[in-house]
Ligand SMILES: Cc1cc2nc3c(=O)[nH]c(=O)nc-3n(C[C@H](O)[C@H](O)[C@H](O)COP(=O)(O)OP(=O)(O)OC[C@H]3O[C@@H](n4cnc5c(N)ncnc54)[C@H](O)[C@@H]3O)c2cc1C
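In the numbering used here, the protein residues as written are 15 to 474.
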């Protein structure tokens, strides 16, 4: 924090010392990463009339698929947006000399995707303002998280600068922002089960592997736990593929490519985004969870019932006849071209801009024909119907990608002519000249989308 520097653990906890040295002594390689956090302020000291309100989602979607856990909060809390200004930036700059991140006193790489405010000011010098999200920390607290103002500048500089932000004129700090630096163990030292290559029975999960984020840590903990159990029970390892789950993408990226900056899971890192949908996570992964003894019979039965109900709904839609006279008033209302002859309900659903919910409301008899169904089942039937062609195409692609190792790239291949490749991929491919598409896909900076472009090209 500014020029103050001290060792410690998580906020309010003591540092854990000695473990890195022990692991290094055993032959592990370790490195440093850094991250920062914004100040936490007293929400009662802010003037929200000077900020733009940001409402929460109207349709709240839970993490859980179980109805008992899908309870909607009766009220939502909102966030607000405000902005920094040139004046704010000028004050912040007065502390740059003392910023440990900026000065290089902290040397590890920071998270590219949530840079500190001092990074933003110097990297995007042409911008005269940066957006700040003013986020309440919860229902039972007045604490506010100033998202976008991550900083390790001296406390007085943070305070002076923040006071110049509209709505923050009378701000009271609970805690200033700060940066931390920590050890990690490059994850190329792991097997796909998250067991270390070096020591049998030792598993690494979470920040120790170079990731940042709660979900990133949680999912690795789950997989390492599963695999530790499988190993102890002499059962087969459980490894999720890139086409199975985002967890599969994360672990595959970590182990094949390693990471030299805090790794965060983004949807853009996955090549099979049409398959890896949030709406079908239960259908995709519950059977495996149940097989492993993690998902209860009841949960599995629910998923099976959902699957059957979704098929039932799709079959009804594929059969249900719709007369032009019944549908045309609705089509006219939403600006879709009128029907000239009788068609099945499914055909109408495939038109852009037409939702199953609206159809069930507007087309006489359809609601009764479909009958009572969970809203998630209706949504699932609609998604599967509307995107069927794309989903099938992607499944084909998954099969094709499995044969990457057999696809030879000629040494003379001219990557420059493939302008669709990212500049970084083109550069690295030209330099490394991988022998097969499999090898190309493991080069850091060559993204799955680049591999797809190459594959389409080679497949010609
Ligand atoms: C300042 C800051 C702000 C962040 N903000 C966010 C955010 O807004 N959103 C987000 O998603 N992520 C955020 N992160 C990242 C996120 O907190 C971490 O990536 C995540 O908590 C890592 O979880 P973990 O379980 O791997 O490690 P930790 O949560 O660090 O847990 C490791 C545990 O192991 C214990 N331990 C260490 N050594 C030993 C030992 N020898 N024996 C026994 N126990 C030991 C430690 O005490 C600790 O409890 C932030 C991180 C920091 C530092």
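C-beta: ideal position from N, C-alpha, C; glycine also.
Quick caveat: nothing in here was measured; it's all calculated off a predicted structure.
*Short check: CB of residue 148 to CB of residue 156, under 9 Å?*
Walking along the chain shown from the start, residue 148 turns up at place 134. Walking along the chain shown from the start, residue 156 turns up at place 142. If you check the CB distance, residue 148 and residue 156 do not come in under 9 Å.
*CB residue 142 to CB residue 78, shorter than 9 Å?*
Working through the chain shown from its first residue, we reach residue 142 at position 128. Working through the chain shown from its first residue, we reach residue 78 at position 64. Not in contact: residue 142 and residue 78 (Cβ atoms no closer than 9 Å).
*asked:* With a threshold of 8 Å on Cβ separation, who are the neighbours of residue 146 within its own chain once the five nearest residues in sequence on each side are excluded?
replied: On the chain shown, position 132 is the one that residue 146 refers to. Only 95, 96, 97, 98, 160, 161, 162, 163 and 179 meet the Cβ criterion.
*Assign residue 48 to one of three DSSP states: helix, strand, or coil.*
In the chain shown, residue 48 corresponds to position 34, counting from 1. The DSSP-derived three-state label of residue 48 is strand.
*Return the Cβ separation of residue 344 and residue 376 in integer angstroms, given the expectation that the two are a contact with Cβ distance under 8 Å.*
Here residue 344 refers to the residue found at position 330 when the chain shown is read from its first residue. Here residue 376 refers to the residue found at position 362 when the chain shown is read from its first residue. Rounded, the Cβ-Cβ distance is 4 Å, consistent with contact.
*asked:* Need the endpoints of the beta strand (DSSP E) that residue 300 sits in, please.
replied: Within the chain shown, residue 300 is the residue found at index 286, counting from 1. Judged by DSSP secondary structure, residue 300 falls outside any beta strand (DSSP E) and instead within the alpha helix (DSSP H) spanning 295 to 305.
*asked:* Distance check for residue 284 and residue 177, CA to CA, integer angstroms please.
replied: Taking the first residue of the chain shown as 1, we reach residue 177 at position 163. Taking the first residue of the chain shown as 1, we reach residue 284 at position 270. So the two alpha carbons sit approximately 41 Å from each other.
_Close beta carbons around residue 271, own chain, < 6 Å, minus the five adjacent residues each side_ = Taking the first residue of the chain shown as 1, we reach residue 271 at position 257. The answer, listed in chain order, is 458.
*asked:* On the CB-based measure, 16 or more other CB atoms within 10 Å of its CB, does residue 26 come out buried or exposed?
replied: For this step, residue 26 is matched to residue 12 along the chain shown. Under the 10 Å beta carbon count, residue 26 is surrounded by fewer than 16 other beta carbons and is classified as exposed.
*Taking C-alpha atoms, which residue in 224, 202, 225 and 209 lies nearest to residue 218?*
The sequence position of residue 218 within the chain shown is 204, counting from 1. Check the Cα spacing between residue 218 and each of 224, 202, 225 and 209: the tightest is with 209.
*By how many angstroms is the C-alpha of residue 355 removed from the C-alpha of residue 324?*
Locating residue 324 in the chain shown gives position 310, counting from the first residue. Locating residue 355 in the chain shown gives position 341, counting from the first residue. The straight-line gap from Cα to Cα measures roughly 27 Å.
*Buried or exposed: where does residue 152 fall if 16 or more other Cβ atoms within 10 Å of its Cβ makes it buried?*
Taking the first residue of the chain shown as 1, we reach residue 152 at position 138. Counting the other Cβ atoms within 10 Å of the Cβ of residue 152 gives fewer than 16, which makes it exposed.
*Any idea if residue 461 is buried or exposed, counting beta-carbon neighbours within 10 angstroms, 16 or more meaning buried?*
Sequence index remark: in the chain shown, residue 461 carries index 447 (1-based). The residue is buried, with at least 16 neighbouring Cβ atoms inside 10 Å.
*Measure the CB-CB distance between residue 122 and residue 15 and report whether it falls below 9 Å.*
Within the chain shown, numbered from 1, the residue matching residue 122 stands at position 108. Within the chain shown, numbered from 1, the residue matching residue 15 stands at position 1. Contact: no.
*Provide the residue span of the beta strand (DSSP E) that contains residue 197, from first to last.*
By one-based count along the chain shown, residue 197 stands at place 183. Element bounds for residue 197: 192 to 198.
*What residue ranges within the segment 101 to 189 form continuous beta strand (DSSP E) runs of no fewer than 3 residues, ordered along the chain?*
As far as the segment 101 to 189 is concerned, its whole beta strand (DSSP E) runs of at least 3 residues are 145 to 150, 157 to 161 and 187 to 189.
_Helix, strand or coil, according to DSSP, for residue 343 in the structure here?_
In the chain shown, the residue the question calls residue 343 occupies position 329. Here DSSP, grouped into helix, strand and coil, assigns residue 343 to helix.
_Coil, strand or helix - residue 67 by DSSP_ = Here residue 67 corresponds to residue number 53 of the chain shown, with the count starting at 1. The DSSP-derived three-state label of residue 67 is strand.
*Would you identify the three-state DSSP class for residue 37, choosing helix, strand or coil?*
Within the chain shown, residue 37 is the residue found at index 23, counting from 1. In the structure shown, residue 37 sits in a helix (DSSP, three-state: H, G or I).
*The alpha helix (DSSP H) with residue 440 in it runs from where to where?*
On the chain shown, residue 440 is found 426 positions in, with the first residue counted as 1. Start and end: 437 to 446.
*Straight-line Cα distance separating residue 276 from residue 228*: Residue mapping note: residue 228 aligns to position 214 of the chain shown, counting from 1. Residue mapping note: residue 276 aligns to position 262 of the chain shown, counting from 1. Answer to the nearest angstrom: the Cα atoms are 13 Å apart.
*What number of angstroms, rounded off, separates the C-alpha of residue 392 from the C-alpha of residue 309?*
One-based indexing of the chain shown puts residue 392 at position 378. One-based indexing of the chain shown puts residue 309 at position 295. Straight-line Cα distance between these residues: approximately 24 Å.
*How is residue 309 classed by DSSP in three states: helix, strand or coil?*
Along the chain shown, read from residue 1 onward, the residue named residue 309 stands at position 295. Of the three classes helix, strand and coil, the one that applies to residue 309 here is coil, per DSSP.
*Cβ atoms of residue 17 and residue 112: under 9 Å apart, would you say?*
If you number the chain shown from 1, residue 112 lands on position 98. If you number the chain shown from 1, residue 17 lands on position 3. It is a contact, given that the beta carbons lie within the stated cut-off.
*Return the chain-ordered list of same chain residues with a C-beta closer than 8 Å to the C-beta of residue 432, the five sequence neighbours on each side being excluded.*
In the chain shown, the residue the question calls residue 432 occupies position 418. Closer than 8 Å at Cβ, skipping near neighbours: 440, 467, 468 and 471.
_Check: residue 288 C-beta below 8 Å from any heavy atom of ligand 1_ = Translated into positions along the chain shown, residue 288 becomes position 274. For ligand 1, not one heavy atom lies less than 8 Å from the Cβ of residue 288.
*Does ligand 1 have a heavy atom nearer than 8 Å to the CB of residue 157?*
Counting from one through the chain shown, the residue named residue 157 turns up at place 143. Residue 157 has its CB no nearer than 8 Å to any heavy atom of ligand 1.
*In this structure, what does DSSP give as the bridge partners for residue 95?*
Numbered from its first residue, the chain shown carries residue 95 at position 81. BP columns for residue 95 point to 66 and 147.
_Whole-angstrom distance between residue 183 and residue 72, CA atom to CA atom_ = Looking up residue 72 in the chain shown gives position 58. Looking up residue 183 in the chain shown gives position 169. Distance from the CA atom of residue 72 to the CA atom of residue 183, rounded to whole angstroms, is 31 Å.
*Could you check if residue 233 is buried or exposed, using at least 16 other CB atoms within 10 Å of its CB as the buried criterion?*
Along the chain shown, read from residue 1 onward, the residue named residue 233 stands at position 219. By the C-beta density criterion, residue 233 is buried, having at least 16 other C-beta atoms within 10 angstroms.
_In the DSSP output, which residue or residues are listed as bridge partners for residue 335?_
The residue labelled residue 335 in the question sits at position 321 within the chain shown. According to DSSP, residue 335 bridges with 358.
_Tell me the DSSP secondary structure of residue 212 in three-state form._
In the chain shown, counting from the first residue as 1, residue 212 sits at position 198. Collapsing the DSSP output to three states places residue 212 in coil.
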